Each structure stands twice: as C-alpha cells, then as structure tokens.
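*Asks:* Protein chains in written order, with the working numbering: chain A, 1 to 398; chain B, 399 to 796. Glycine residues also receive a C-beta, built at the ideal position from the N, C-alpha and C atoms. If you're wondering where the values come from, they're calculated on a predicted model, not measured in any experiment. Structure in structure tokens, see below.
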C-alpha cells in the first residue's frame, strides 16, 4: 500500500528521527521486523498481510534501563577492540557533543519551566547504536518538549551510495554500504501563544567502504538547523533569534547565514498551503565541501547556540496574558506544524515508513492542534501579519 | 522537494478529495498553477523557486456564487451540444445521485445537530467540473462535519492508462487520456466521545478514448466505502453499523460484505502504529468486473445506507455524560485519524500534492486533536479494548 521510497542524497531530515538519507535496507531477517508499539499491556498483534513494498526497515529497538557511556560499537570507541585514536574520531566526538547538548538543553528547559521534569527513555539496537528520548509534557511553561539523541549503524543499498557520491572508477560495483549516523533533534512547544515553538536538529553521517570493495572512498557529511515557529510576531524576538544564528554562522564563513537562512525558508515550505511552517532560521544538509574539523566545530557552535537564541525569548513571553482567540490561533498554527511534519518532513516520513521508534519520531507533534474550515485572518490583524511572513519570508537582519 | 507520485490503478481514495487514480497532468500552463489559498485579504505571494517535480496539477478552482444544475460539460449532459441520451449516461446519473446524497445527509445531520447549519462553498474549474463543499462546524452535536461532492474533468498520462488496463493491441501508443471522475465524500466528527466518527466516499471514474487513438477502449470503475471510528466500543452500535453495510451488500452479491469488510480493515491501516484507524465497515475500489448498471445501483444503495447506519448511533450517544479523561482519549484517537489521513490516505496525499482545493481536502481533519508521548491504556480498560479492536480487527456479525 505504501509508495516505495528511495530518498535522494539531497533529502533532508528535520524530525526527531535524524536519519533519512537513504532507504535503509537490511539483508537480514530484520526486514520483516515491522514497527510495533511496545505495549506494557498484552494486546496480541494480528498477522497483517499488507504487501511490504518498503525496501528497508530499521532494526527494532530494545528499551534499556540505563544510558550507556556511549552508543558507539566497541570498535569505534577506542575500547576493547578499538584503537585509542578512535576516541578522537569524528563520530566519537560528535556523539559526545550531541549528548552534552541534550543535557544542557534539558537542564535549561527544566529551569525555565520551573516544575516539569523530563522523562527519559533509553534504547539500543542489537546491531549497534541506540538513543535517548527525553520528553517533558504538560509542564508549567511547556506543553510538550522533546530532546532526543540517537546513533544508528545501518546498511544502505549501493545504488544510493553511488547516487550520493559517484565513484570515479566505474568498474567498482560495491555491495551494501555500512553507514553510521548520529544526531540530536528537538522540538519545544510552549503553552503560551506568545512564546514560539523552536526546532533544532544537528546530525553527522558517515559511510564505511563497501564490504566487498574496501578500497572505495569513505564519505561523510553534516546537516542540521534551528528554526523558530511563533504564532505571533514580536520583531525583537525574531531578530534576536536570527542574529544569534547569524553570529554562529559568521564565526565560520560569511556566506553561511544568507545561504542557510534561505535554505531554511525553502525547506520548511508547506506546499499545499503556499506558506512556510514558521519564520525560519538556518538549515543545511549534505555539507562536506569544507574541512571536516571546521564543520564539526560549526555544528557544535550551532547546537550550543540554541539556548542563547531561544531561552531569553521564552522567558520573556511565557507569562504574557492571552485570550481564547490567541490560543485558538496558536492551535491552528500547530495544525500547520502537524501538516508539515507528517506530509513533508523527510525525517518523519522516512522514520514512519522504515520502522524507527514511533514515539520518538512523533514527539515532534504538539500536544494539541486544531483545524478550522477555511479560516482567514482579518487583513492587518496580528494573525494576518504572521501568515504574511510565512507566505513571504522576510530578511530579519539589516 | 516532493517525491514524484504516480498512483497505481489499485490506489484508493477515501478523503474528501475523491480522485487519486493517477498523477494527473495537464499539458497547459496550469502546470505552474500551484495551489494557493483564496485569501479574502491581500497577501501577495512570493515567487517560490521550489523545483516542481510533481508531474501534474489540477486546474485552480474558482468560487461561484450559485450551485449549477450540473457540473457536467454541456456535451455530457444532454444540453445544447449533447444528445438527449447523455442525460441517462452513467456519469449524469452518478452526479445526480451524489448530489441527492449530499442533500439528504446534510438535512439529516442538521436535524440531529439541532442548531448547527452547513456553510456551503461552490466552485468550478475552467475546463469543466466543479464541486460543492458543505461544512458544519462547532454545532451542538458535531464538532466538524464535512460533506463534499465534486466532478473532475482531467487528463492523465498514457502510461497510467496502460498500467491501469493493458491495451490488447500493443501497437497503440495513446496520447494523454481524458478522464471524468465524480464523487461524494464526507467525514463527520461529533463532540461527544461516545459518539463515533464516520467517513464515507463513493466515486465513479471513466476514461475517454485517447485523443489520438479514438478506437482504444473506454474504461470505467466504481470505488467507495463507509467506515466507523469510535473512541469507545458499544458493541450494539458497531454491530448495527456493520449489519446495515452487510444489508446493502447482500442485496447485490453475497461475497461483497466479507470481501469489502476485509478490504476496509486492510486499507485503513496506520502502518507505523500497527493499528487501524477505527472499526471498519466496507471499502472497495477499481470495481468494474460486474455489470455497470448493477454497480451504479450498488453504489447508490451504499451511499443511501449512510443515514440508517449512522444517525441512530449518534442520536443514541450524543448526550451521554463524559469526563475529561474520555475527551482526552477521543482527542488522542483523533490524532490517529490525522496521522492516517495525512500520511496514508491516497486521496488526501494526492490532493495535497496536485493542487486540489485544500480546504475541501482537509475538512476531513478533526477540529482538534492530541498527541501524548508514549500513551498506553491500562490493560482491560475501555480504551484498551478499543485499541485492541483496532490492532486485531474483529468480525462483528455472526
């Protein structure tokens, strides 16, 4: 019933499921390992006879009780089987970075919320990798806040690899390509309609050489972004948010902010509405045409900019008085958020169709959302101004 | 940014946008006619430079002030240019039927609601066809009730036509295939968590011979169904609903109910959840291997069965007292409804991507919906029983 999906290398992920580069496939029996809820209760599943045209599934995750020091395979982490230099590998340092970001963001959010606490779920996959989901739900300030990290070891079809980065030697016919991917993803939905939603996601992707062509080149790239989705515009807030993004970018390359700002406006486009999900920020993907260390530093800088970009805004707006009408408009915009994430977001749609951890993927959805038939804000109203800025993206910094 | 979609002939539509058989395409300039909201206000659109990989768009609709006697082209309706026999054509009779069903259902719903009134929007498309959307929002009984009819004249790629019904003569290389499609679609969401949501959709599809191969065979088929989505199970209600569906089926063919009941369970499957949207009913598509008159009668019988199948249930449950917990569970199930419609429903996803009338397509979404992280009903609870029945479809009639 599902359309087959084979993501192009330019596909992008912004959901809490940060890996979407390829239609993963597994030559093992995990192909039949369809996603299922891990019910504490005992509802037995019917055997469902849908034709499974999905070309890949991710291994089913297993809940674990304690978060491990690392989700890397031993051979990757400089432990028993690894060399000590592996501890300094980009994958090891990237995992360390995203876990530190998860910790610092969660700490900052609990402090702002002044009541809500994050619930943590940790899981691992038999073939290596795993993740930590943290969710704060129905707090004082946040309706729903999810901050996830995950590490995935997978195998992708050689066609995808070749499509991604053509191998110079056309004679090489690689087999399945092992890959590594790691990322942090977060969506924060506050209760107050004047406090904006924010989303960020930073990820690193690396392929091994194909198993049967060990001489073929490895590949790596970085992707990510941070974007703001208010229901009402406070220009000072939007400017502050964008200026922090620009500041992070400018430390590395003056071309980054204008380029990634536009990329963000283009990516978060709800095509059927002709409008963007929100007021943007920065977004980039498949970034590998710079020095690898520089891009690791850049990703780290961006991820560390989330707190200074966002927390002052939510602090300022969390207690602003509002009416039922303000709340209803926020809920309508939340409906747009749902539409974008379920219809367009590559990470979400890929995750849903390949058997990622559903509750982690869909924690990006707001606690509540609303759809009114043919709602049209009055010209010149605050709601109209927001919609206008979603339809016609603005340059916030001059 | 969008994956290209080319629906197979087995694709199915259940949304309020009943036409999804093919990736429509138009050789005219309407290809660039991206969907846009018809704002009463004057927000100017930015020119958006997304690559448009969608292979087809539907012509932009124009609001009209009065509903016409028919949406058929003159040549189809036995009018000025048509022959009088056209008034008895299947397309003419099908349009008459769906418009009568729209009227009778809306009348019955307003009566049950005892307050809410339907708002009507009528539109037409320059190349022929059009539709009537009727929405009752925030009534006494119904949170949101949409009942739409539409008639589409379009052109589809010859590949789709050939895939649909292989042409015996392999030498025929047809050009674009003109087609006709008409349908009624409806989703009714009551407020009371004990009153179930119902959806129905009946549609008729017909191709002309290709313009450059007038001798090639015409094709036609019928599709549709009616299905029930409660948040709580009252067995007598579900049995009543299914028995009315079975009654309609049994008048025509004893194999219909078991076959279409299973088809319904299979279609409304939320794959990433491993559960169905609701408790089913009947669903069929691409039906053309019976007498055409018989199938027209059968579709009519099914559409006319909506009122006796549903109205007694909503009458019985609309005033049942409920708690906040009951409401929250209904809202969670509404979230599942949104997930199915935006992620899987062929009609919705097709409509969104080809430029159908957005407000008509998305009127199927509930007024409000909810997503809680990792919600799991207590074993044996009423919520658990509903979930169990969505995971393991039951035979309601014995």
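(1) Taking the alpha carbon of residue 71 of chain A as the point to measure from, which residue in A:188, A:323 and A:129 has its own alpha carbon closest?
(2) Counting C-beta neighbours from all protein chains within 10 Å, is the total for residue 332 of chain A 16 or more, i.e. buried, or is it exposed?
(3) Rounded to the nearest angstrom, how far is the Cβ of residue 185 of chain A from that of residue 140 of chain A, given a contact under 8 Å?
(4) Count the other CB atoms within 10 Å of the CB of residue 15 of chain A; is the residue buried (16 or more) or exposed (fewer)?
(5) Assign residue 744 of chain B to one of three DSSP states: helix, strand, or coil.
(6) Looking at chain A, is there any beta carbon in it that lies within less than 8 Å of the beta carbon of residue 724 of chain B?
(7) Checking the sheet assignment: what are the DSSP bridge partners for residue 698 of chain B?
(8) With distances taken from CA atoms, which of B:552, B:766, B:460 and B:590 is nearest residue 578 of chain B?
(9) With H, G and I counted as helix, E and B as strand and the rest as coil, what does DSSP make of residue 479 of chain B?
(10) Strictly below 7 Å CB to CB, what residues from chain A border residue 763 of chain B?
(11) Could you check where the alpha helix (DSSP H) with residue 400 of chain A kicks off and where it finishes?
(12) List the residues that DSSP assigns as beta-bridge partners of residue 705 of chain B.
(13) Just how far apart, CA to CA, sit residue 156 of chain A and residue 208 of chain A?
(14) Any beta-carbon of chain B closer than 8 Å to the one on residue 135 of chain A?
(15) DSSP beta-bridge partners for residue 551 of chain B?
(16) Using the beta-carbon count (16 or more within 10 Å), is residue 652 of chain B buried or exposed?
(17) Mind checking if residue 197 of chain A is an interface residue toward chain B, Cβ cutoff 8 Å exclusive?
(18) Which term fits residue 102 of chain A, buried or exposed, when burial requires 16 or more other beta carbons within 10 angstroms of its beta carbon?
(19) Is it buried or exposed, residue 294 of chain A, if we count other Cβ atoms within 10 angstroms and call 16 or more buried?
(20) Buried or exposed, going by whether 16 or more other CB atoms sit within 10 Å of the CB of residue 237 of chain A?
(21) Taking any Cβ of chain B, which residues in the stretch 333–345 of chain A have a Cβ under 8 Å from it, in chain order?
(22) As an exercise, report each continuous alpha helix (DSSP H) stretch of at least 4 residues that is fully enclosed by the stretch 230–291 of chain A, in chain order.
(23) For residue 494 of chain B, which option in B:701, B:759, B:735 and B:523 has the closest C-alpha, if you only look at C-alpha atoms?
(24) What residues in the stretch 661–673 of chain B have a beta carbon less than 7 Å from any beta carbon of chain A?
(25) Pick from A:235, A:382, A:182 and A:189: whose alpha carbon is nearest that of residue 205 of chain A?
(26) Do you know offhand how far residue 240 of chain A's Cα is from residue 398 of chain A's?
(27) Which residue from B:600, B:656 and B:492 puts its Cα closest to that of residue 704 of chain B?
(28) Would you mind stating whether residue 142 of chain A and residue 113 of chain A have Cβ atoms separated by less than 8 Å?
(29) Check residue 193 of chain A in the structure and name its three-state DSSP category.
(30) Between residue 626 of chain B and residue 679 of chain B, how many whole angstroms is the CB-CB distance? I'm expecting something under 8 Å.
(31) By the criterion of Cβ-Cβ separation under 7 Å, what are the contact partners of residue 757 of chain B in chain A?
(32) Residue 548 of chain B: buried (16+ other C-beta within 10 angstroms of its C-beta) or exposed?
*Replies:* Reading off the structure:
(1) Within the first chain, numbered from 1, the residue matching residue 71 of chain A stands at position 71. Considering only A:188, A:323 and A:129, the residue with the shortest C-alpha distance to residue 71 of chain A is A:129.
(2) For the purposes of this step, residue 332 of chain A is taken as the residue at position 332 of the first chain. Burial call: buried.
(3) Indexing the first chain from 1 puts residue 185 of chain A at position 185. Indexing the first chain from 1 puts residue 140 of chain A at position 140. So it is not a contact: roughly 24 Å between Cβ atoms.
(4) Locating residue 15 of chain A in the first chain gives position 15, counting from the first residue. Residue placement at residue 15 of chain A is poorly supported in this model, since its pLDDT is 40, which falls under 50; the coordinates still yield a value, given next. Classified as buried, residue 15 of chain A has 16 or more neighbouring CB atoms from the shown chains inside 10 Å of its CB.
(5) Residue numbering aside, residue 744 of chain B sits at position 346 when the second chain is read from its first letter. Residue state, collapsed to three classes: helix.
(6) For the purposes of this step, residue 724 of chain B is identified with residue 326 of the second chain, where counting begins at 1. No - not a single Cβ of chain A is within 8 Å of the one on residue 724 of chain B.
(7) Walking along the second chain from the start, residue 698 of chain B turns up at place 300. Under the DSSP definition of a beta bridge, residue 698 of chain B lacks any partner.
(8) As a position in the second chain, residue 578 of chain B is number 180, starting the count at 1. Ranked by Cα distance from residue 578 of chain B, the first of B:552, B:766, B:460 and B:590 is B:552.
(9) Here residue 479 of chain B refers to the residue found at position 81 when the second chain is read from its first residue. Model confidence at residue 479 of chain B stands at a pLDDT of 47, short of 50, so the residue's coordinates are unreliable and nothing is read from them.
(10) Taking the first residue of the second chain as 1, we reach residue 763 of chain B at position 365. Near residue 763 of chain B (Cβ distances below 7 Å), the residues of chain A are 371.
(11) Chain A is shown only over 1 to 398; residue 400 of chain A falls outside these bounds and no answer can be derived.
(12) Within the second chain, the letter at position 307 stands for residue 705 of chain B. DSSP lists no partner for residue 705 of chain B.
(13) If you number the first chain from 1, residue 156 of chain A lands on position 156. If you number the first chain from 1, residue 208 of chain A lands on position 208. C-alpha separation (whole angstroms): 11 Å.
(14) Residue mapping note: residue 135 of chain A aligns to position 135 of the first chain, counting from 1. Chain B, which has a Cβ nearer than 8 Å to the Cβ of residue 135 of chain A, makes this yes.
(15) Along the second chain, one-based indexing puts residue 551 of chain B at 153. Paired residues: B:578.
(16) Position 254 of the second chain, counting from 1, holds the residue named residue 652 of chain B. Counting Cβ neighbours within 10 Å, residue 652 of chain B comes out exposed, since fewer than 16 surround it.
(17) On the first chain, residue 197 of chain A is found 197 positions in, with the first residue counted as 1. So, not an interface residue.
(18) Mapped onto the first chain, residue 102 of chain A falls at position 102. Of the other Cβ atoms in all chains shown, 16 or more fall within 10 Å of the Cβ of residue 102 of chain A; this residue is therefore buried.
(19) Here residue 294 of chain A is taken as the residue at index 294 of the first chain, counted from 1. Residue environment: residue 294 of chain A is assigned as exposed (fewer than 16 neighbouring CB atoms within 10 Å of its CB, all protein chains considered).
(20) Numbered from its first residue, the first chain carries residue 237 of chain A at position 237. Looking at its Cβ environment, which holds 16 or more other Cβ atoms inside 10 Å, residue 237 of chain A is buried.
(21) For the stretch 333–345 of chain A, the beta-carbon criterion of a distance under 8 Å to any beta-carbon of chain B is satisfied by 335, 338, 339, 342, 343 and 344.
(22) Runs of the alpha helix (DSSP H) spanning 4 or more residues and lying entirely within the stretch 230–291 of chain A occur at 235–250 and 256–267, in chain order.
(23) Here residue 494 of chain B refers to the residue found at position 96 of the second chain. Minimum Cα-Cα distance from residue 494 of chain B among the listed residues B:701, B:759, B:735 and B:523 corresponds to B:701.
(24) Contact residues of the stretch 661–673 of chain B toward chain A are 664, 667, 669, 670, 671 and 672 (C-beta to C-beta distance below 7 Å).
(25) Mapped onto the first chain, residue 205 of chain A falls at position 205. Measuring C-alpha to C-alpha distances from residue 205 of chain A to each of A:235, A:382, A:182 and A:189 identifies A:182 as the nearest.
(26) Your numbering for residue 240 of chain A matches position 240 in the first chain. Your numbering for residue 398 of chain A matches position 398 in the first chain. C-alpha separation (whole angstroms): 12 Å.
(27) As a position in the second chain, residue 704 of chain B is number 306, starting the count at 1. Residue 704 of chain B has its Cα closest to that of B:600, out of B:600, B:656 and B:492.
(28) On the first chain, residue 142 of chain A is found 142 positions in, with the first residue counted as 1. On the first chain, residue 113 of chain A is found 113 positions in, with the first residue counted as 1. In this structure, the beta-carbon distance from residue 142 of chain A to residue 113 of chain A falls below 8 Å.
(29) Residue numbering aside, residue 193 of chain A sits at position 193 when the first chain is read from its first letter. DSSP, reduced to helix, strand and coil, places residue 193 of chain A outside both helices and strands of the structure shown, so it counts as coil.
(30) Position 228 of the second chain, counted from the first residue, corresponds to residue 626 of chain B. Position 281 of the second chain, counted from the first residue, corresponds to residue 679 of chain B. About 6 Å separates the two Cβ atoms, so the contact holds.
(31) For the purposes of this step, residue 757 of chain B is taken as residue 359 along the second chain, with counting starting at 1. Those within 7 Å of residue 757 of chain B in chain A are 373 and 374.
(32) As a position in the second chain, residue 548 of chain B is number 150, starting the count at 1. Buried, since its Cβ has 16 or more Cβ neighbours within 10 Å.
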